[in-house]
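Read through the structure below, which is laid out as structure tokens, and then see the notes.
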């Protein structure tokens with residue numbers, strides 16, 4: 001396994017592989033790898049000749065008051081995990097290479113980036129769309145893998161890839177969870193013991209919502225109140241959003257009679273967690 | 281020579297050429313080809329195995345009150361010219377293919393897009409950057425050719441290509457002019473006989489400015505007044521801008537002591553013309 005820090009080198013290596021007819025599977029990450037990432041890597045390993053994992057904590061997708069500085073970093077551990085999974089290349093560029101002096105260009109997916117997490121994290125998805133476009137150009141993968149945990153991100157990346165005619169296939173893999181249901185996230189390490197326990201209510205509430213819908217409830221407003229009540233009952237009151245939205249447009253749904261996404265973002269102490277469930 | 285209307289087909293053909301080790305030279309145009317375009321095509325022909333010319337009048341780069349509807353269209357004549365220059369492929373997609381239902385993604389080059397033409401044509405360079413990104417992804421050229429006539433566009437495309445790590449080399453070719461100095465433009469056909477004659481003052485004024493600078497004048501404000509006076513003397517009073525700017529940042533220069541761009545946009549009757557000159 002190689003660790004490549006240079007954009008030029010990464011580009012050259014990818015081009016060589018492509019010329020030799022090799023397929024490239026790509027898993028873009030911010031490091032702090034957990035089983036969720038590893039499930040993407042394993043799928044990439046199964047489906048491609050070469051697997052590239054990028055580790056880049058993209059400053060452009062963090063707001064000024066967000067956790068860019070304290071975001072977990074552990075290249076050594078990440079390298080071990082990647083090696084164990086048969087990754088061929090870790091692409092690990094420096095921010096000063098990715099955003100050189102007089103950097104000016106941004107990719108923006110309108111409407112889809114303004115709602116849900118985009119509403120409380122302005123600029124976040126512009127940062128994500130931009131860095132993913134850059135990484136796709138540098139790595140030139142055949143297939144790129146994203147997690148359903150970041151449902152809005154996956155929808156935005158898919159739309160962006162289609163809209164800009166980027167020749168990369170996007171695969172979205174299921175969210176992995178702890179045994180008690182908590183969605184795997186690099187940010188879970190921020191939680192103390194009590195917070196960790198409280199956090200399980202998120203998935204409990206989403207499952208409850210799904211059950212209500214299965215039992216014939218279709219009033220989104222009522223279902224959202226139920227989710228909120230459950231979450232509040234754990235003493236969690238700082239809720240960024242609980243939304244039931246259309247899977248394509250991410251626009252709020254009033255009456256549930258089709259595929260939809262129930263997504264939420266809440267603060268457990270000083271940690272912001274997101275989770276979601278899809279209703280089909 | 282083939283005319284390809286399908287994005288998928290264009291993409292497939294380009295990929296095949298790339299796999300066989302052929303280099304692709306690309307000239308993106310809005311049709312209504314003139315000698316300026318042909319000079320780009322000839323250079324592309326010299327430097328590449330395959331030459332692709334796109335003809336696409338991009339609705340996204342026209343403002344609601346601009347000349348999208350009346351912009352000259354003549355595929356038959358353009359095809360003849362391309363064939364004569366040894367073009368291999370004309371890519372001629374329909375707007376409904378380029379911007380399918382629920383199209384949402386835009387590329388924007390900050391700061392460089394807000395000044396000069398960008399100030400009077402809001403959204404114009406966002407439209408340009410977006411369509412060029414799309415065309416680059418579809419055609420996957422080795423080298424793309426642009427004209428210095430659209431100086432700001434060329435600077436924006438270069439910055440965008442660098443910033444997004446797009447693997448395309450950008451070549452900017454000199455502005456071609458009529459014998460009397462008028463810069464070649466597809467929009468020159470809008471001019472009546474008198475306007476056509478009046479329009480020569482633009483290049484005269486730019487040349488005068490260059491001469492003043494060569495003679496030691498370095499006060500941008502004074503030089504701009506001189507240009508304005510000359511243009512006004514032809515009865516032309518609707519001036520969008522006359523600016524002397526840094527070649528990299530496009531920021532206005534007060535004192536000229538380095539490379540700079542003198543650029544202008546004026547209305548001759550109901551036709552908006554642009555021209556520029558570089559001082560090195």
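Residue numbers (the numbering used here), protein chains in the order written: chain A, 1 to 280; chain B, 281 to 560.
For every residue, glycine included, the Cβ atom is placed at its ideal position computed from N, Cα and C.
{"Check": "Closest residue to residue 57 (chain A) among A:97, A:170 and A:183 (Cα-Cα distance)", "Outcome": "A:97"}
{"Check": "Residues of its chain near residue 182 (chain A), where Cβ-Cβ distance is below 6 Å and the 5 sequence neighbours each way are ignored", "Outcome": "199 and 200"}
{"Check": "Nearest to residue 525 (chain B) (by Cα), restricted to the options B:543, B:342, B:409 and B:516", "Outcome": "B:543"}
{"Check": "Contained beta strand (DSSP E) runs [length at least 3] in the stretch 72-156 of chain A, N- to C-terminal order", "Outcome": "89-91, 105-109 and 143-147"}
{"Check": "Below-7 Å beta-carbon distance, residue 385 (chain B) vs any chain A residue", "Outcome": "yes"}
{"Check": "Cutoff 6 Å; reference residue 49 (chain A); Cβ partners in own chain excluding five residues on either side", "Outcome": "22 and 23"}
{"Check": "Beta-carbon gap between residue 483 (chain B) and residue 323 (chain B) smaller than 7 Å", "Outcome": "no"}
{"Check": "C-beta neighbour in chain B for residue 108 (chain A), strict 7 Å", "Outcome": "yes"}
{"Check": "Cβ of residue 10 (chain A) within 7 Å of any chain B Cβ", "Outcome": "no"}
{"Check": "Span separating the alpha-carbon of residue 65 (chain A) from that of residue 451 (chain B)", "Outcome": "41 Å"}
{"Check": "C-beta contact flag for residue 406 (chain B) and residue 379 (chain B) at 7 Å", "Outcome": "no"}
{"Check": "Simplified DSSP state of residue 529 (chain B), which is helix, strand or coil", "Outcome": "coil"}
{"Check": "Chain B contact residues for residue 160 (chain A), given Cβ-Cβ distances below 7 Å", "Outcome": "385"}
{"Check": "Helix, strand or coil at residue 173 (chain A) [DSSP, three-state]", "Outcome": "strand"}
{"Check": "Neighbouring residues, chain B, relative to residue 64 (chain A) (Cβ below 9 Å)", "Outcome": "Within 9 Å Cβ-Cβ: nothing; residue 64 (chain A) doesn't reach chain B, min ~17 Å."}
{"Check": "Own chain residues within Cβ distance below 6 Å of residue 82 (chain A), not counting five before or after", "Outcome": "53 and 90"}
{"Check": "Alpha helix (DSSP H) runs wholly inside the stretch 4-45 of chain A, at least 4 long, in chain order", "Outcome": "7-19"}
{"Check": "Inter-stretch contact (C-beta, 8 Å, three-pair minimum) for the stretch 230-242 of chain A and the stretch 211-219 of chain A", "Outcome": "no"}
{"Check": "CB contact check: residue 356 (chain B) to chain A, cutoff 7 Å", "Outcome": "no"}
{"Check": "Distance CB(residue 440 (chain B))-CB(residue 408 (chain B)) smaller than 7 Å", "Outcome": "no"}
{"Check": "Contact with chain A by residue 302 (chain B), beta-carbon distance below 7 Å", "Outcome": "no"}
{"Check": "Any non-hydrogen atom of the ligand MG within 6 Å of residue 29 (chain A) CB", "Outcome": "As presented, the structure is devoid of all ligands, the ligand MG included, so that no description of it is given."}
{"Check": "Residue 4 (chain A) vs residue 10 (chain A) beta-carbon contact at 7 Å", "Outcome": "yes"}
{"Check": "is_contact[residue 423 (chain B), chain A] using C-beta, thresh 7 Å", "Outcome": "no"}
{"Check": "Residue-level contact to chain B via CB, residue 138 (chain A), 7 Å cutoff", "Outcome": "yes"}
{"Check": "Cβ pair count under 8 Å reaching 3, the stretch 266-280 of chain A against the stretch 186-193 of chain A", "Outcome": "yes"}
{"Check": "Residue-chain proximity (residue 329 (chain B), chain A), Cβ-Cβ < 7 Å", "Outcome": "no"}
{"Check": "Burial state of residue 77 (chain A), where buried means 16 or more other Cβ atoms lie within 10 Å", "Outcome": "exposed"}
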